[in-house]
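Heads up: the structure comes next, in structure tokens.
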Amino acid sequence: MKSKKVKIFFFVIAFLGLIIFIPGRMFVRHHVNQKTAVTDHPLKCTSCHLYTSKNKIVSNLINEDYYSPFNIAVSNDGKRLFVVAQDTGELLIVDAESKTVVQKVKVGVHPHSVILDKTNAFAYVSNQWSDNISVVNLATSKVLDTLITGNGPSGLALSADGAKLLVVDTYGSDLSVIDLDTKEEMKRLRTGSDPTGTALSPDGKKLYVTSRRSKIVPYGEPLVSDLTQIDATTLRVDEHKDVEEAYMMENITFTPSGDLALMTLIRPKNLIPSIQVEGGWMMTHGIGVIDQNNEGRIIQLLTDQPNAYYSDSFDIVVSPDGKRAYVSNAGADKITVMSVDSIRAIIKETPKEQLKNIANNLGVSSRFVIDRISTGANPKGLALSPDGKKLYIAEQLEDKIGVLNTETLKMETAIDLGGPTRITVARQGRRLFNNAGHTFQNQYACYTCHPDNHEDGLVYNMAGKDMGRNVTNTQSLREIGDTPPFKWNGKNQTIYKQDGMRFSTVLTRTEQFSYDDLDAITAYIKRGIKYPPNLMYNPHGKLTESQLRGKEIYNRTKDNSGNVIPENNRCYTCHPAPLYSNLQPADVSTLAVSDDSILFDTPHLGNIYASPPYLHDGRAATLEEIWTIYGEDNKHGYVNDLTKMQLNDLIDYLKSLGGPEQEDEGYQEQQTASF
Amino acid sequence: MNIQTKHFKIIVPMAILVIASLGFVRPEERSPVLNDSSDINTTNNSKEAEKPMPIYGNWKNYDSKNGLPGDKAYCVKIDGERILVGTHEGLAVLENGKWKTYTTDDGLAHNGVLAIDVDQATGDVWLGTMGGLSRWSTGKFENFNQMNSGMPNDLIYAVTCDEKFVWVATGGGAGSYNTYTRKWEIFTEENAPMHEPWTYGVCASKDKIFIAAWGGGVIEYTKKTKKFRDYVDPDGNMEIDLFPDDGVVHDITTGTSWANDILWVATYFGLSRYDGVHWKGYFDHDSGLASNFINFIKAKDDYAFICTDQGLSCTDGNNWVTYTTNEKTNKGKTIILNGTNKKELGESTSLAHNFILGVDIVGNDIWVATAEGVSHGQLKH
Numbered sequence: 001m002k003s004k005k006v007k008i009f010f011f012v013i014a015f016l017g018l019i020i021f022i023p024g025r026m027f028v029r030h031h032v033n034q035k036t037a038v039t040d041h042p043l044k045c046t047s048c049h050l051y052t053s054k055n056k057i058v059s060n061l062i063n064e065d066y067y068s069p070f071n072i073a074v075s076n077d078g079k080r081l082f083v084v085a086q087d088t089g090e091l092l093i094v095d096a097e098s099k100t101v102v103q104k105v106k107v108g109v110h111p112h113s114v115i116l117d118k119t120n121a122f123a124y125v126s127n128q129w130s131d132n133i134s135v136v137n138l139a140t141s142k143v144l145d146t147l148i149t150g151n152g153p154s155g156l157a158l159s160a161d162g163a164k165l166l167v168v169d170t171y172g173s174d175l176s177v178i179d180l181d182t183k184e185e186m187k188r189l190r191t192g193s194d195p196t197g198t199a200l201s202p203d204g205k206k207l208y209v210t211s212r213r214s215k216i217v218p219y220g221e222p223l224v225s226d227l228t229q230i231d232a233t234t235l236r237v238d239e240h241k242d243v244e245e246a247y248m249m250e251n252i253t254f255t256p257s258g259d260l261a262l263m264t265l266i267r268p269k270n271l272i273p274s275i276q277v278e279g280g281w282m283m284t285h286g287i288g289v290i291d292q293n294n295e296g297r298i299i300q301l302l303t304d305q306p307n308a309y310y311s312d313s314f315d316i317v318v319s320p321d322g323k324r325a326y327v328s329n330a331g332a333d334k335i336t337v338m339s340v341d342s343i344r345a346i347i348k349e350t351p352k353e354q355l356k357n358i359a360n361n362l363g364v365s366s367r368f369v370i371d372r373i374s375t376g377a378n379p380k381g382l383a384l385s386p387d388g389k390k391l392y393i394a395e396q397l398e399d400k401i402g403v404l405n406t407e408t409l410k411m412e413t414a415i416d417l418g419g420p421t422r423i424t425v426a427r428q429g430r431r432l433f434n435n436a437g438h439t440f441q442n443q444y445a446c447y448t449c450h451p452d453n454h455e456d457g458l459v460y461n462m463a464g465k466d467m468g469r470n471v472t473n474t475q476s477l478r479e480i481g482d483t484p485p486f487k488w489n490g491k492n493q494t495i496y497k498q499d500g501m502r503f504s505t506v507l508t509r510t511e512q513f514s515y516d517d518l519d520a521i522t523a524y525i526k527r528g529i530k531y532p533p534n535l536m537y538n539p540h541g542k543l544t545e546s547q548l549r550g551k552e553i554y555n556r557t558k559d560n561s562g563n564v565i566p567e568n569n570r571c572y573t574c575h576p577a578p579l580y581s582n583l584q585p586a587d588v589s590t591l592a593v594s595d596d597s598i599l600f601d602t603p604h605l606g607n608i609y610a611s612p613p614y615l616h617d618g619r620a621a622t623l624e625e626i627w628t629i630y631g632e633d634n635k636h637g638y639v640n641d642l643t644k645m646q647l648n649d650l651i652d653y654l655k656s657l658g659g660p661e662q663e664d665e666g667y668q669e670q671q672t673a674s675f
Numbered sequence: 001m002n003i004q005t006k007h008f009k010i011i012v013p014m015a016i017l018v019i020a021s022l023g024f025v026r027p028e029e030r031s032p033v034l035n036d037s038s039d040i041n042t043t044n045n046s047k048e049a050e051k052p053m054p055i056y057g058n059w060k061n062y063d064s065k066n067g068l069p070g071d072k073a074y075c076v077k078i079d080g081e082r083i084l085v086g087t088h089e090g091l092a093v094l095e096n097g098k099w100k101t102y103t104t105d106d107g108l109a110h111n112g113v114l115a116i117d118v119d120q121a122t123g124d125v126w127l128g129t130m131g132g133l134s135r136w137s138t139g140k141f142e143n144f145n146q147m148n149s150g151m152p153n154d155l156i157y158a159v160t161c162d163e164k165f166v167w168v169a170t171g172g173g174a175g176s177y178n179t180y181t182r183k184w185e186i187f188t189e190e191n192a193p194m195h196e197p198w199t200y201g202v203c204a205s206k207d208k209i210f211i212a213a214w215g216g217g218v219i220e221y222t223k224k225t226k227k228f229r230d231y232v233d234p235d236g237n238m239e240i241d242l243f244p245d246d247g248v249v250h251d252i253t254t255g256t257s258w259a260n261d262i263l264w265v266a267t268y269f270g271l272s273r274y275d276g277v278h279w280k281g282y283f284d285h286d287s288g289l290a291s292n293f294i295n296f297i298k299a300k301d302d303y304a305f306i307c308t309d310q311g312l313s314c315t316d317g318n319n320w321v322t323y324t325t326n327e328k329t330n331k332g333k334t335i336i337l338n339g340t341n342k343k344e345l346g347e348s349t350s351l352a353h354n355f356i357l358g359v360d361i362v363g364n365d366i367w368v369a370t371a372e373g374v375s376h377g378q379l380k381h
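So the sequence lines, in the order shown, correspond to chains E and X. If you're matching positions, the first sequence starts at 1 in full-length UniProt numbering and goes up one per residue. If you're matching positions, the second sequence starts at 1 in full-length UniProt numbering and goes up one per residue.
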């Protein structure tokens, strides 16, 4: 009897379970499908409710604060390493022998580079998100002074006499010249767009500044980037050299003899349909050689191989004997070791007329690449010991300093900076974002087209499925987590969909991300990518008079004649705060004849100042052009009654826009990333 | 004691009369107009009168026959070892003895180059054209126009580099471009005391900007306070300068130039000089000024070089030297007016034309832009 009751009990439980489970599962399936916009995502509550949670307590529990080493300097005696910890805003002083961190010096926000003066008395650290330089007294390990720079300081150099600090301003696209006696900025020199790298020639007479973004050129014309050559004596720009069909020149160095300058670069093929990545050549990576003996001509050599790419070349250093160069391939977790003599021989032996074509030769790397060395995740800055026997590698997403024995070309035990040992989901997402391993033949990572999690300023042929070409301007990924749908046409309602099967089908041409990886990269993109502070146009969160006038225009309901502006033609209707997007599709009459017939997803406007060119196909080089040249029919907001001064005010206001935090709190308080 | 008091009663009023007749105003009572924080070098006319006026000569002319792309030269600028000439057919550059022309084919915003200035810190050349502003740096042009930027108007009459700012006087107001933030500010009759948005000249002192505004006299902008004030002709008469030396001679101004704490103002109706306290007007009938019709003015140290439709004049405020040419014989004439002494010197060489549009002076060299080419002169004494 008892046994029967038990059976009935379990039967009832099972029956009820089935009744609950089947429709419950259906409900959950439906819920997950709706939230992810795909039908195959596992029914894991953690995907959305944990990994992408905005709750600060939850976020703090599931994430960690990593150091994320970015650049390194080595003391003259080789005993100390000075490591820029980008995410904690510190300069870590490391004992090279014991491989331990001996000091941590708090510097500014999001530091980028570090250099030492000749006597190693001071270290200069560029703080990219606080627009200043921390001058660290190395005797006391204290910040002695803070020098004001231009916007987004990154690469650093000291003049030959040590009296001037030369600071590359990435966001301002210029070079600040700082007098170290007066500690004042003397002047700014215009450079190429989005510069980072700089190097002074061994004789101290010439300074190069590399840029990362191409000049803005109409779609159809090959891209061209600027290498700025500065007379280091007069501190005036000598020449803006064109680097054809290349960009992302992250860093540059000279050989000790000064006969060559070598810089990293990427050669993108943005004018051909992007879906043909399996044919190779979508993005190629290499170096630029500036031949000092031939009027500074630039020869480009790919470091890739025909069937293997080494993406996102970042830093480059040359051994003290001038024989070898080392390049960090941040997207491939590799160091490429190159023979400088072989590079010299290639340049010497190749007829002049063929030197240009060699830039697309994937096979030429076999003539100068000596070895490829595996590193920890995302190798960035490099530094050689004074004797050249050790190469130190800032493994940004490993939280370690890799050590390469340059004699054996074997990695030694890495220097653990003491960061978290746990790899969080978002950190894994960041690793995936920065790694090209998920793209056919490792051609590119997400980072390649979205450097600094932003956009590369290029317009790509995305080859629409209909008759169109769908020429589209790369969109920034900063703070996009709450601005679905995605893509210019808004066809991807979620990042799960954007980066799922469709992503692998169209862009990477490999297996799609595993679901765990998809969760990870979604978590990182949704919550881990912050805006840099808008220090140029809104440094204190208080609008200027011009910006306030612009805000009035932005929010106006009547035109200058007092006529009511139709609601759907007001700025704020489609771009309402705090996201500055109503997340709805719209027709702003800028569809090109080559586009598929679509409406455009309304983009958010946060940090819009940093995203030229504008409009879906990048046709507007400046914000002004959106309305002066491409807004004649008043369909992209009612603007044709505006005076020039009013338009300036409106644009001034648009440039002040940051993220939702700024709108909510009236101040754009920045935090270092914790992913 | 009584005697002393009596004497005081006589002496004090007399002293006041004497001082007033000399036009003396105590420094603290001065208008703050030109009170720059830089050292004020108060004009000492008697001292300047003793200083001989510079005389230029040995003119060598360039036009479309020997280097320029066209004859009409709007402006000229000496930039170190090279000479930049704005012509109707592009930018002509004389370097190492050779002329080279840059046009829209090379990236110039417009071939009609009306104004040139050089940023001494960066070496960048800023070119005001009839179709926008060009920054010419290391042989490459970057163009700003009213469509792609916040610049007020494409017709640019004057350009002045002032630290990190580039000021332009345009047909649609004055504008300042912050080369650090890449931001434009526009000044028109809507936000400045101008009558019309047309501006013809702009110059900078250490603390102020002076804009020549058509019909609005001189518009003064104080950099620190970002406030404006205007200087217009007090008598308000458009035909004659009714009351001499009461202010700028006419509201229709064509240029401003500032040096050694003196502001010089060009109009189509005469010349004005302002020392921060007093205005002084000059006309062709009462001074050595070649003509009341002034196209451009350039102040250099103690002297103003005045570009008129009847020749080039130079003055220190008291003494004059005017250079003209006989357009039939191509012989030059230098007219020197020292106080009341007038002397005319014949010259075997002359300016290219009497219609003068621009001038620049560095060291012993003077370059003059005219309607028929540019002229290079050298300091004779």
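Even for Gly, the Cβ is constructed at its ideal location relative to N, Cα and C.
May I ask you to report which of helix, strand or coil DSSP gives Met501(E)? Collapsing the DSSP output to three states places Met501(E) in a helix.
Hey, quick one: how far does the beta strand (DSSP E) through His112(E) stretch, first residue to last? Counting along the chain, the unbroken beta strand (DSSP E) around His112(E) starts and ends at Pro111 to Leu116.
Residue range of the alpha helix (DSSP H) that Asp517(E) falls in? Residues Tyr515 to Arg527.
Limits of the alpha helix (DSSP H) - the one that Lys56(E) falls within: Per DSSP, the continuous alpha helix (DSSP H) segment holding Lys56(E) begins and ends at Lys56 to Ile62.
Pull out every residue of the region 641–662 of chain E whose Cβ sits closer than 9 Å to any Cβ of chain X, in chain order. Listed in sequence order: Thr643, Lys644, Met645, Leu647, Asn648, Ile651, Asp652 and Lys655.
Compare the beta carbon distance of Asp456(E) and Arg267(E) with 8 Å and say whether it is the shorter of the two. No, Cβ-Cβ distance for Asp456(E) and Arg267(E) is not below 8 Å.
Three-way DSSP call (helix, strand, coil) for Glu48(X) in this model: Below a pLDDT of 50, predicted positions are generally treated as unreliable, and Glu48(X), at 45, falls in that range; the measurement from the model is reported next regardless. If DSSP states are grouped into helix, strand and coil, Glu48(X) belongs with the helices.
What runs of the alpha helix (DSSP H), each 4 residues or longer, lie entirely inside the region 360–446 of chain E? With a minimum length of 4 residues, the continuous alpha helix (DSSP H) runs that stay inside the region 360–446 of chain E are 425–434.
Below 7 Å CB to CB, which residues in the same chain sit around residue 679(E) once its five sequence neighbours on both sides are set aside? Limits of chain E in this structure are 1 at one end and 675 at the other, which puts residue 679(E) out of reach.
Considering just the uninterrupted stretch of the alpha helix (DSSP H) at Thr25(E), what are its terminal residues? The question names Thr, but residue 25(E) in the sequence shown is Arg. For Arg25(E), the enclosing alpha helix (DSSP H) has its first and last residue at Lys2 to Thr36.
At which residues does the beta strand (DSSP E) containing Glu344(X) begin and terminate? Following the DSSP letters along the chain, one finds Glu344(X) inside the beta strand (DSSP E) bounded by residues Asn341 to Glu347.
Would DSSP call Gln670(E) helix, strand or coil? Any reading at Gln670(E) must be qualified, since the residue scores a pLDDT of 42, below 50, and its modelled position is unreliable; no value is offered.
Taking the alpha-carbon of Arg431(E) as reference, which of Leu116(E), Pro566(E), Ala445(E) and Leu391(E) has the nearest alpha-carbon? The shortest Cα separation from Arg431(E) among Leu116(E), Pro566(E), Ala445(E) and Leu391(E) belongs to Ala445(E).
With 16 other CB atoms within 10 Å as the buried threshold, where does Asp161(E) fall? By the Cβ-count criterion, Asp161(E) is exposed, with fewer than 16 other Cβ atoms from all chains shown falling within 10 Å of its own Cβ.
Going by C-alpha to C-alpha distance, which of Asp71(X), Asp251(X) and His376(X) sits closest to Gly97(X)? When only C-alpha atoms are compared, the closest one is His376(X).
When you compare the CB positions of Ser328(E) and Ile393(E), do they come within less than 8 Å of one another, or not? Contact check for Ser328(E) against Ile393(E) passes: the beta carbons are separated by less than 8 Å.
Can you tell me the Cα-Cα spacing of Lys227(X) and Tyr221(X), whole angstroms? Taking the straight line joining both Cα atoms gives about 6 Å.
Could you check whether Ile290(E) and Ile316(E) sit closer than 8 Å to each other, using their CB atoms as the reference points? Going by C-beta atoms, Ile316(E) is not nearer than 8 Å to Ile290(E).
Report the residues of the region 142–155 of chain X with a CB closer than 7 Å to any CB of chain E, ordered along the chain. Closer than 7 Å at the C-beta level to chain E, one finds these residues of the region 142–155 of chain X: Gln146, Met147, Asn148, Ser149, Gly150 and Pro152.
Give a yes or no on whether 8 Å exceeds the smallest Cβ distance from Glu192(E) to chain X. The question names Glu, but residue 192(E) in the sequence shown is Gly. No - not a single Cβ of chain X is within 8 Å of the one on Gly192(E).
Assign Met151(X) to one of two classes, buried (16 or more other C-beta atoms within 10 Å of its C-beta) or exposed (fewer than that). Its Cβ being crowded by 16 or more others within 10 Å, Met151(X) is buried.
What residue from Thr122(X), Ile356(X), Asn326(X) and Thr179(X) has the CA that sits closest to Thr138(X)'s CA? Taking each of Thr122(X), Ile356(X), Asn326(X) and Thr179(X) in turn and checking the Cα distance to Thr138(X), the smallest one comes out for Thr122(X).
Short check: CB of Asp119(X) to CB of Cys161(X), under 8 Å? A contact, by the Cβ cut-off of 8 Å.
Within 10 angstroms of its Cβ, does Pro244(X) collect 16 or more other Cβ (buried), or is it exposed? So Pro244(X) ends up on the exposed side.
Cross-chain neighbours of Ala621(E) in chain X, by beta carbon under 7 Å: Per Cβ cutoff of 7 Å: Asn148.
Cβ separation of Val113(X) and Ala369(X), assumed to be a contact under 8 Å, to the nearest whole Å: By a beta-carbon distance limit of 8 Å, Val113(X) does not contact Ala369(X). Their separation comes to about 10 Å.
Which same chain residues, not among the five before or five after Leu22(X), have their C-beta less than 7 Å away from its C-beta? For Leu22(X), the pLDDT reaches just 43, beneath the cut-off of 50, and the residue's location in the model is therefore unreliable, leaving the point undetermined.
Taking C-beta pairs closer than 7 Å, name the residues in chain E that Glu95(X) reaches, listed in chain order. Neighbours of Glu95(X) on chain E: none; closest Cβ ~15 Å, over 7 Å.
Please go through the same chain and pick out, in chain order, the residues whose beta-carbon is closer than 8 Å to the beta-carbon of Met411(E), but skip the five residues on each side of it. Only Ile373, Ser374, Thr375, Gly402, Val403, Leu404 and Asn405 meet the Cβ criterion.
Between Ala352(X) and the rest of its own chain, which residues show a CB-CB distance below 6 Å, the 5 nearest in sequence each way excluded? Hits under 6 Å: Asn61, Thr370, Glu372, Gly373 and Ser375.
4-residue-minimum alpha helix (DSSP H) runs that sit fully inside the region 551–616 of chain E, ordered along the chain: Whole alpha helix (DSSP H) segments, 4+ residues: 571–574.
Residues in its own chain within less than 8 Å of Lys323(E) by CB, not counting five upstream and five downstream? So the list reads Ser339, Val340 and Asp341, once near-sequence residues are dropped.
Check the Cβ-Cβ distances between Trp184(X) and every residue of chain E, and say whether any is below 8 Å. Closer than 8 Å: yes.
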